[in-house]
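J.:
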Amino acid sequence: MERKLGKGLGALLTSVRKDEVVMIDVARIRSSIFQPRKSFDEKSLMELAESIKSKGVIEPLIVRLGKDGYYELICGERRLRASKIAGLTKVPAIVKDVSDDEAFEIALIENIQREDLNPLELAIAFDKLSKMGYTHDEIGKKIGKSRTYITNVMRILRLPDSIKKMIDEGKISLGHAKVLCSIEDEKIIEDIANEIVQKKLNVREVEKRIRELKSQRKSKDGDNTISQIIDKEKLGVILSKISEFFPNALCDVKYKKKSIDIIIKFVN
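Every number in the working numbering is 2 more than the matching position in the sequence shown, counting from 1.
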């Protein structure tokens, strides 16, 4: 996919800010499909609405004109929602002629710069950029983060849905989520996630808890191996005795969960 990688996001955003500000009816502005943010805090929206009532919308929204004559919002979802709550019928906006890729980039970068996205929303946004053809390194350069950071955040999407819900609700932080990604067993992930919420564990405490569980598992696996060796030694003695008493016998050994069946067949 061809992309305008030569045009930096900073330059793109700067050119957006320089465009003419126009007043647009709020009824003619619809939310963007590229909006990376899915959850909005009701209390902060009400506070912003009160601010808009007294001071107006200080920073213009960024929109683009759709084929049906309506405007698609690129940046300013909170400002638009708060303006509606405040009773405004028109809001200041900058109309841009941008592609889907550029619209999504602007929306993503603005939300990241404002630190408006929770970890799950951030991971979903990075994943969308990745599917649009961007490498982790390219995404990192656009937002001033390392490739490793992008990769680690995107790993959140592999976590069970129940854990992603906790992240989305703000019960589990990005730091917690990154640590949980190091666990393969879903049951253990869910158990530790519940501990994080119930006991309010910090990231270091979670890392310690995981080390303890891994140590316990390694010890248990070691015990199982020893017991298997002992069982095989006992079996060897039994088979030897059978051969001693029944030279013409063939033994078929079948392993079960809690027992071993030995079927003896006699041949001429």
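Cβ atoms here follow ideal geometry from the backbone N, Cα and C, with glycine treated the same way.
(1) Distance, Cα to Cα, PHE128 vs ILE174?
(2) Quick one: Cα of LEU215 to Cα of SER184, how far?
(3) Taking the DSSP output, what are the residues bridged to ILE64?
(4) My output table needs one value for ILE232: the three-state DSSP class, helix, strand or coil.
(5) Should SER85 go down as buried or exposed, given a rule of 16 or more other Cβ atoms within 10 Å for buried?
(6) Which term fits ARG160, buried or exposed, when burial requires 16 or more other beta carbons within 10 angstroms of its beta carbon?
(7) Less than 8 Å separating the beta-carbons of SER41 and ASP170?
(8) Just checking my contact of VAL155 with VAL181 at CB under 8 Å: how many whole Å lie between their CB atoms?
(9) With DSSP collapsed to three states, give me the class of MET25.
(10) Am I right that LEU110 and ARG81 are in contact with their C-beta atoms under 8 Å? What's the rounded C-beta distance?
(11) At what residues does the alpha helix (DSSP H) containing ILE126 begin and finish?
(12) Across the segment 62 to 76 and the segment 131 to 147, are there enough close Cβ pairs to call them in contact, namely three or more that are closer than 8 Å?
(13) Would you kindly work out how many angstroms separate the C-alpha atoms of LYS55 and ARG39, rounded to a whole number?
(14) What does a CB cutoff of less than 8 Å around ILE96 pick up in its chain, not counting 5 residues either side in sequence?
(15) Since ALA88 contacts ALA51 with CB under 8 Å, what's their CB separation in whole angstroms?
(16) Within a Cβ cutoff of 7 Å, which residues of the same chain sit near ILE145, ignoring the five residues on either side of it in sequence?
(17) Which residue comes first and which comes last in the alpha helix (DSSP H) that contains LYS45?
(18) Apply the 10 Å Cβ neighbour rule to GLY135 and answer buried if 16 or more other Cβ atoms are within range, or exposed otherwise.
(19) Skipping 5 residues on each side, what residues in its chain have a beta carbon closer than 7 Å to that of ARG157?
(20) Closest to GLU2 by CA distance: which of ARG32, ASP103 and PHE36 is it?
(21) Classify SER34 as buried or exposed, calling it buried when 16 or more other Cβ atoms lie within 10 Å of its own Cβ.
(22) Once DSSP output is grouped into helix, strand and coil, what is the label at ILE31?
(23) Going along the chain, which residues of its own chain have a beta-carbon closer than 6 Å to the beta-carbon of ASP118, five neighbours each way excluded?
(24) Assuming GLN37 contacts GLU79 under a Cβ cut-off of 8 Å, what Cβ separation, rounded to an integer in Å, is found between them?
T.: Based on what the coordinates show:
(1) Residue numbering aside, residue 128 sits at position 126 when the sequence shown is read from its first letter. Residue numbering aside, residue 174 sits at position 172 when the sequence shown is read from its first letter. Distance between PHE128 and ILE174, taken at the CA atoms: about 19 Å.
(2) Here residue 215 refers to the residue found at position 213 of the sequence shown. Here residue 184 refers to the residue found at position 182 of the sequence shown. Between LEU215 and SER184, the C-alpha separation is close to 12 Å.
(3) Counting from 1 along the sequence shown, the entry for residue 64 is found at position 62. Partner(s): CYS77 and ILE96.
(4) As a first step, residue 232 must be located in the sequence shown, where it is residue number 230. Bear in mind that a pLDDT of 42 at ILE232, under 50, signals an unreliable position, so the model cannot answer this.
(5) Here residue 85 is taken as the residue at index 83 of the sequence shown, counted from 1. For SER85, the number of other beta carbons within 10 angstroms of its own is at least 16, and it is reported as buried.
(6) Position 158 of the sequence shown, counting from 1, holds the residue named residue 160. With a 10 Å radius around the Cβ and a threshold of 16 neighbouring Cβ atoms, ARG160 comes out exposed.
(7) The count along the sequence shown starts at 1 and reaches residue 41 at position 39. The count along the sequence shown starts at 1 and reaches residue 170 at position 168. In this structure, ASP170 lies closer than 8 Å to SER41 by Cβ.
(8) Position 153 of the sequence shown, counting from 1, holds the residue named residue 155. Position 179 of the sequence shown, counting from 1, holds the residue named residue 181. That pair is no contact at about 13 Å.
(9) If you number the sequence shown from 1, residue 25 lands on position 23. Looking at MET25 - three-state DSSP - the assignment turns out to be strand.
(10) Here residue 110 refers to the residue found at position 108 when the sequence shown is read from its first residue. Here residue 81 refers to the residue found at position 79 when the sequence shown is read from its first residue. The Cβ separation is near 17 Å, so there is no contact.
(11) Locating residue 126 in the sequence shown gives position 124, where the first residue counts as 1. Element bounds for ILE126: 121 to 133.
(12) The segment 62 to 76 makes no contact with the segment 131 to 147, as fewer than three CB pairs between them are under 8 Å.
(13) As a working mapping, residue 55 is identified with position 53 in the sequence shown. As a working mapping, residue 39 is identified with position 37 in the sequence shown. Distance between the alpha carbons of LYS55 and ARG39: 24 Å.
(14) Position 94 of the sequence shown, counting from 1, holds the residue named residue 96. Around ILE96: VAL18, ARG19, ASP21, GLU22, VAL23, VAL24, PRO62, LEU63, ILE64 and VAL65.
(15) Here the question's residue 88 lines up with position 86 in the sequence shown. Here the question's residue 51 lines up with position 49 in the sequence shown. Indeed they touch by this definition, with Cβ atoms about 4 Å apart.
(16) Counting from 1 along the sequence shown, the entry for residue 145 is found at position 143. Taken in chain order, the residues that qualify are ILE111 and ILE114.
(17) The count along the sequence shown starts at 1 and reaches residue 45 at position 43. For LYS45, the uninterrupted alpha helix (DSSP H) run begins and ends at 44 to 57, by DSSP.
(18) For the purposes of this step, residue 135 is identified with residue 133 of the sequence shown, where counting begins at 1. By the C-beta density criterion, GLY135 is exposed, having fewer than 16 other C-beta atoms within 10 angstroms.
(19) Residue 157 sits at position 155 when you count from the first residue of the sequence shown. Within the same chain, ARG157 has close Cβ partners CYS183.
(20) The requested residue 2 is not part of the displayed model; the chain covers only 3 to 270.
(21) Within the sequence shown, numbered from 1, the residue matching residue 34 stands at position 32. It is buried - the Cβ of SER34 has at least 16 other Cβ atoms within 10 Å.
(22) On the sequence shown, residue 31 is found 29 positions in, with the first residue counted as 1. Reduced to three states, the DSSP call for ILE31 is strand.
(23) Working through the sequence shown from its first residue, we reach residue 118 at position 116. The residues are ARG39.
(24) Looking up residue 37 in the sequence shown gives position 35. Looking up residue 79 in the sequence shown gives position 77. Your pair GLN37 and GLU79 checks out as a contact, with CB atoms roughly 6 Å apart and the cut at 8 Å.
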